[in-house]
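First up is the structure itself, then whatever we jot down about it.
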Amino acid sequence: MIPINLIQQTAETLMDKAAIEIPQDYLDGLQEAAKTEDGDLSSFVLQAMLENYEAAKDDRRAMCGDTGVPRWFVKMGNDALVEGGMIALETALRRATANATNGVPLRPNRVHPLWRTDHDNNVGIGAPEIEYGFEPAAQGEKANWIDLITVHKGGLFGTDYRMLFPSDGVQGVKRFYLDSLIAFGKRGLACQPAIIGIGLGGSKDVCMSLGKRASTLRIVGSRNSDHKIAKMEDDFKELGNSIGMGAMGFVGKNMVIDCNIEVGYCHTGGMPMSVHAFCLSSRRAVARIYPDGRVEHRTDPDWFTPYQRRETVDWEPMLEAAE
Amino acid sequence: MSKPREIRLSTTPTPEAIAELRIGDVVYLDGLMYTAREGVYMRALEGQANIPMELPSQSAANFHCSPAARINDDGTFDMGAVTATASFRFAKWLPEWMAKTGAKLIVGKGGMTSKDYKEYFVPNGAIYLSTVGYGTGALLGRGVEKVEAVHWNEELGIAQAMWVIKCNKMGPFIVASDLNGNCLFERENAKIAENIDRVYEGTKPATLKRYGETDDRTDEVI
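Sequence lines, in order, name chains A and B. Terminal number for the first sequence in our numbering: 323, no gaps in between. Terminal number for the second sequence in our numbering: 1222, no gaps in between.
Next up, the structure:
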C-alpha cells in the first residue's frame, strides 16, 4: 500500500521541480540550437533563455511567470494499491496543486470559462486534469509502484486540430504541420523553439490527447517504435527548422527542438491530426513511488511503453507467460 | 552576428528618450511599472472605476502581465517569476487606456500590428516593448526590486489584479515599435515569407476546407 501522505508530499515536490528546473533533455536540445543559430535576434533570445534557466535554479523561482495549466498523469503498476483509494489520490493531487501554487509561488491561471471565477490556486472544475495509464508487471516482478507525472503546458497558442482524410495523405499531414508552426510561430506565440507533438488518428478528443502526450510525455531524442514513423519524426524536425523562422518569430533556423508523433487507430474514412507545441520552459517532472516509501525522481515520463502502444486484443507477453 | 544595443530606460521616459529607441534595441527598465490586462481595462474603462494610481506621473509603463506571486497573511508580497501575456488581444481597450493614462511604454508579448502603432501609439508618443523568449520569467523576477502595491485583488484575483512593481534594471525587453509606427515582428515576418513557398512544395490544400481561414501565409492570423 502506497502511503497517501507520501503521494501528496511527492506531488508538491514535483510541482516545484517542474516549474523551476528545465529538464536536461530539453536543455541539451536548446543548447545545441543556440550553437547553430545565426539570426541576430533569435540568438539573443536563446542566450537569454539559457541565462533564465540558470537564474531560476539559482533563485529557486519559477522559470516562467505563466504557469500554464498544471495537469497530472498517473501511471499505476498493475499491482499498485493506494492508501485511501483513488479518491484519496485525486484529493492529494488537488491539494498539492493548490499548495504549490501558493508555495512556489506559481501564477493562479485557472478560472471559470464564463464567470472568470478564480480560486487563486489552479484548482477548479476539471482542474487540474488527472489522466491515468496502467502498466503490466515485468516477468517475475511486482508492479506495485505508481508514477506521478506533472506537466505544466501553456494553454493558449501552438495547438490545433484538423480532420484530414486518406486522400490528403502524408503531404496533407506535412501541410497542416507547417500551417500550425507558421501560424503560431509568428511573433513567437508558440514560445518556440519547442518540442512539437503530433497526434494522428483516434477520435477527435483522443487525437488531441495523443498529440499533447507526444509533446509532453516524450523527451527530446526519443523515437517512435515504428521505424517509419521515427523517420517521419526526423524529417518533420528538419522541415520545421527549414522554414527560416526562429525564436519569437524572428528570422532564424530553430523552430523545433524535436518532433514526436503518436498514433491511434481511427475511423476508416478519416485521418484526424493534431499539433501541439510544448514551450521554451517545457515544465515536466516525474517520480516513481513504491509502497516501502522509496521515491525516485526523473524527468522522462517513459509513458509510451510497448503496452501503451499495443495493437492486439490480448497483451501478448501475458499470454506467453501463461503458456 | 551583431549584438543588439542595450539601453537603460525610465518607466516615465522623456519624449527624447523614446525618440532615441530603434526597433531591435534591448531595453532594461527602472522605476514603477503596473500590470494591467483585460480585467483592469474592463473595470477601469467599461466599469468606470477610479484608477488607484496617479498616471502617468507615477508610471507610464503598462505591463501585460500576471505575475507568479503570493499575497502573504501579513499583507506582504512574494513575487517569483514575471512574464508577459499576448498583447494583440487587448487592442480593443488600448486606445482609450492610453488616452486616459498617458501610457508611453506598452510592455507585453508579441507586439501589436503596425496599424495599431500608427493609429494610436504614434499619436500618443508611445512605443511597444516585447518581453524575450518567451519567457525569461526568472530574469525579469530578479529585476523586481519591490512590490509596491496590489490593487483590485479582491475584485479581480491575483492574475488579473493591478500589481505595482518597482523595477531595477528589469529586463531584457526588445523594442518592437518606433515613433514612425514600424513593427519589428512584421519586418521579420516579411523576411520569412520570402522563403515559405519552398517549404510547402508538393503539398495541396486540405480536402475539407474550413470557414474563415486563409491560405495566404503572409497573412498574420491575429
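Where is the CB? At the ideal position from N, CA and C, for every residue including glycine.
Under the three-state reduction of DSSP output, residue 165/A falls in the coil class, being neither helix nor strand.
Between residue 146/A and residue 88/A, the gap from beta carbon to beta carbon reaches 8 Å or more. With contacts defined as CB atoms closer than 8 Å, residue 198/A and residue 284/A fail to qualify as a contacting pair.
Comparing alpha-carbon positions, the option among 1164/B, 1163/B and 1157/B lying closest to residue 115/A turns out to be 1157/B. For residue 1198/B, there is no enclosing beta strand (DSSP E); the enclosing alpha helix (DSSP H) has its first and last residue at 1184-1200. For the set 229/A, 15/A and 258/A, the Cα lying nearest the Cα of residue 27/A is the one of 258/A. For residue 1177/B, the closest Cβ of chain A is not nearer than 8 Å. Interface with chain B (8 Å Cβ-Cβ cutoff): residue 12/A is excluded.
For residue 1217/B, the closest Cβ of chain A is nearer than 8 Å. In this structure residue 255/A is in contact with residue 243/A, their Cβ atoms being roughly 6 Å apart against a cut-off of 8 Å.
A Cβ-Cβ separation of about 5 Å places residue 1107/B in contact with residue 1063/B under the 8 Å criterion. Using a CB distance cut-off of 8 Å, residue 59/A counts as an interface residue toward chain B. A distance of 8 Å or more separates the beta carbons of residue 33/A and residue 41/A. Between residue 127/A and residue 12/A, the CB-CB gap reaches or exceeds 8 Å. In the structure shown, the three-state DSSP call for residue 1035/B is strand.
Linking residue 260/A to residue 275/A through their CA atoms gives a straight-line distance of about 10 Å.
Residue pairing by DSSP places residue 2/A opposite 82/A in a beta bridge. Under DSSP, residue 118/A takes part in a beta bridge, and its partners are 111/A.
Residues of chain B with a Cβ closer than 7 Å to the Cβ of residue 274/A do not exist; the shortest Cβ-Cβ separation is about 14 Å. Collapsing the DSSP output to three states places residue 1057/B in coil. By the criterion of at least three beta-carbon pairs nearer than 8 Å, the region 6-26 of chain A is in contact with the region 148-162 of chain A. Residue environment analysis places residue 215/A among the buried positions, since at least 16 neighbouring C-beta atoms fall within 10 angstroms of its C-beta. Residue 1167/B has a beta carbon lying at 8 Å or more from every beta carbon in chain A. With contacts defined by Cβ atoms closer than 8 Å, residue 48/A and residue 1138/B do not form a contacting pair. With respect to the 8 Å criterion, residue 1132/B and residue 1024/B are not classified as neighbours on the basis of their beta carbons. Within 8 Å of the CB of residue 1220/B, the CB atoms of chain A belong to 186 and 187, in sequence order along the chain. The shortest CA-to-CA distance from residue 315/A to any of 122/A, 109/A, 190/A and 134/A is the one to 134/A. In chain order, 105 and 107 make up the part of chain A whose C-beta sits under 8 Å from the C-beta of residue 1069/B.
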